[in-house]
Amino acid sequence: MTGADYLLPFRTKLRSMRTESFGADPAGARMERIRRSPHFVDGVFQNPVGARTRPSGSTVEFAKIYFHKEQRARRTPTGTVPVHATTLADLAAPPATGLRLTWMGHSSVLAEIDGRRILFDPVWGERCSPFPFAGPKRLHPTPLSLAALGTVDVVVISHDHYDHLDLPTIRALAGTDTVFAVPLGVGAHLERWGVPPSRMHELDWNETATVAGISLTATPARHFCGRGLRNQQHTLWASWAVTGPEHRIYHSGDTGYFPGFRDIGAEHGPFDATMIQIGAYSEYWPDIHMTPAEGMRAHLDLQGGRPHGVLLPIHWGTFNLAPHPWAEPGEWTKDAGEEAGQAVAFPRPGEPFEPAGKLPAEAWWRAVSQPIAHPWRRPRGAESVAETSRGDMDLAGER
């Protein structure tokens, strides 16, 4: 380092240390449009309902839980996750009912709706991190390569966190003819990675783009954004309501529970299927991710307060991002669905299904998980606390 280096502004030094994975900050006309947004107040994007975006409570206590040897073991599968090896034959014929969903793991979903193909939050990278050598690593492989996926009409991004916006994946898709629909500000990242502005629809909440006869509306979510140490909150986060000539679907992105789900449902629903975030929750960040119970409540809100359509759980099973056991989101969602009388699909990663057809219902995670506790279950009858506690511990695969 030369003496002149010390004269560089600190912000310039920070930018020089950023790798391409960090993306780019909005600037120019894009930043002017952001400033005009009604959701951009006091220099940052605001949530529809107040939310703490940093972990609450003691950092020391959280670290004790997160790095505890026994707890860490519960956060990973005990064997090989049974991925469905998606083939061309699986996706070659159009869905008989006009709607087919293929969960690729985490929040990545291929939706085939009314003759069009939409890819939500595609992450094919090995780690959700700016670095190839550090950060949460995949717990299972991708079900198929991007090249084998075939033509995609539009790629939809919910926000710019690494487990939803992945540089190598976007780079690969940038070389195709697909169109991108992203929240306001996220286009800066895509431009840096080779996506021309002419192939982008960059939307504020409640704005709609139409691609190949499909309407895509960016709807509110309760979360936050950022890919670097200096998080300016200059990129928006969103959920998405998608409407075709015959079907309607919803992708939650990442979000905490908030009353706005009812408004989204009233405006754009009811939905044939919802893809709802039910993993990576914690009492340390209760406002920005939902528990499975909250995810079920959100789905019912979106459907006008009653069971309707199919819920596909997303944002679980692929990356270890929270203190809860690896299989807990699936188990809890299964219980929540049964209690609510709501149809829930549990496909293996890569397993296509049609919401109007036979749903994948097997609890496949039980064969490769640690014993699963069920603290969310309500005590039955006159059972004692001790009896309930013993009864709520199931060995994987024994039920």
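Numbering (the numbering used here), first residue to last: 110 to 508.
Glycine included, C-beta positions come from ideal geometry on N, C-alpha and C.
Taking the alpha-carbon of residue i as reference, which of the options has the nearest alpha-carbon?
i      : options                           : result
Val158 : Val288, Leu282 and Pro329         : Pro329
Arg415 : His424, Gly374 and Ala431         : Gly374
Gln155 : Pro401, Leu293 and Thr383         : Leu293
Trp435 : Phe149, Asp134, Arg183 and Ser130 : Arg183
Ala297 : Pro379, Pro480, Ala136 and Ala402 : Ala136
Pro481 : Thr187, Phe131 and Ala133         : Going by the sequence as given, residue 481 is Ile instead of Pro. Of Thr187, Phe131 and Ala133, the residue nearest in Cα terms is Thr187.
Phe455 : Val150, His433, Thr162 and Met213 : Met213
Leu276 : Glu300, Leu258, Tyr393 and Asp286 : Glu300
Pro422 : Glu448, Val453, Ala283 and Leu345 : Val453
Tyr393 : Trp346, Ala160 and Leu468         : Ala160
Leu258 : Pro461, Ala465, Ala470 and Ser478 : Pro461
So, using beta-carbon positions, are residue i and residue j closer together than 7 Å?
i      : j      : result
Val232 : Ser254 : no
Trp474 : Gly439 : yes
Thr364 : Arg406 : no
Thr162 : Asp269 : no
Gln386 : His424 : yes
Phe149 : Arg336 : no
Quick one: what's got a C-beta closer than 6 Å to residue i's C-beta in the same chain, skipping five residues either side?
i      : result
Val263 : Ile227, Val288, Ala290 and Val320
Thr352 : Ser324
Ala281 : Leu255
Pro372 : The sequence given here has Asp at residue 372, not Pro. Closer than 6 Å at Cβ, skipping near neighbours: no residue.
Gly388 : His424, Trp425 and Pro438
Trp441 : Pro401 and Trp485
Count the other CB atoms within 10 Å of the CB of residue i; is the residue buried (16 or more) or exposed (fewer)?
i      : result
Leu325 : buried
Phe242 : exposed
Thr260 : exposed
Leu197 : exposed
Pro305 : exposed
Arg487 : exposed
Pro252 : buried
Asp151 : exposed
Glu448 : exposed
Ala205 : exposed
Thr128 : exposed
Arg144 : exposed
Asp286 : exposed
Leu200 : buried
To which residues of the same chain is residue i closer than 8 Å at the C-beta, ignoring the five residues directly before and after it?
i      : result
Asp223 : Gly207, Leu208, Gly322, Ile323, Gly353, Pro354, Glu355 and His356
His377 : Thr326, Thr328, Ala350, Thr352, Arg357 and Tyr359
Ala347 : Ser267, His268, Pro292, Leu312, Trp314, Ala327, Thr328, Pro329, Ala330 and Gly362
Check the C-beta distance from residue i over to residue j and give it rounded, since I have them as a contact under 8 Å.
i      : j      : result
Ile535 : Asp230 : There is no way to answer for residue 535, as the model of the chain reaches only from 110 to 508.
Asp444 : His398 : Contact flag wrong, Cβ pair sits at about 19 Å.
Phe380 : Gly418 : 5 Å
Leaving out five residues before and five after residue i in sequence, what residues of the same chain have Cβ atoms less than 7 Å from its Cβ?
i      : result
Tyr366 : Met399, Glu403, Arg406 and Ala407
Taking only beta-carbon positions, decide if residue i is within less than 7 Å of chain B.
i      : result
His360 : Of the protein chains in this structure there is only one, and it is not chain B.
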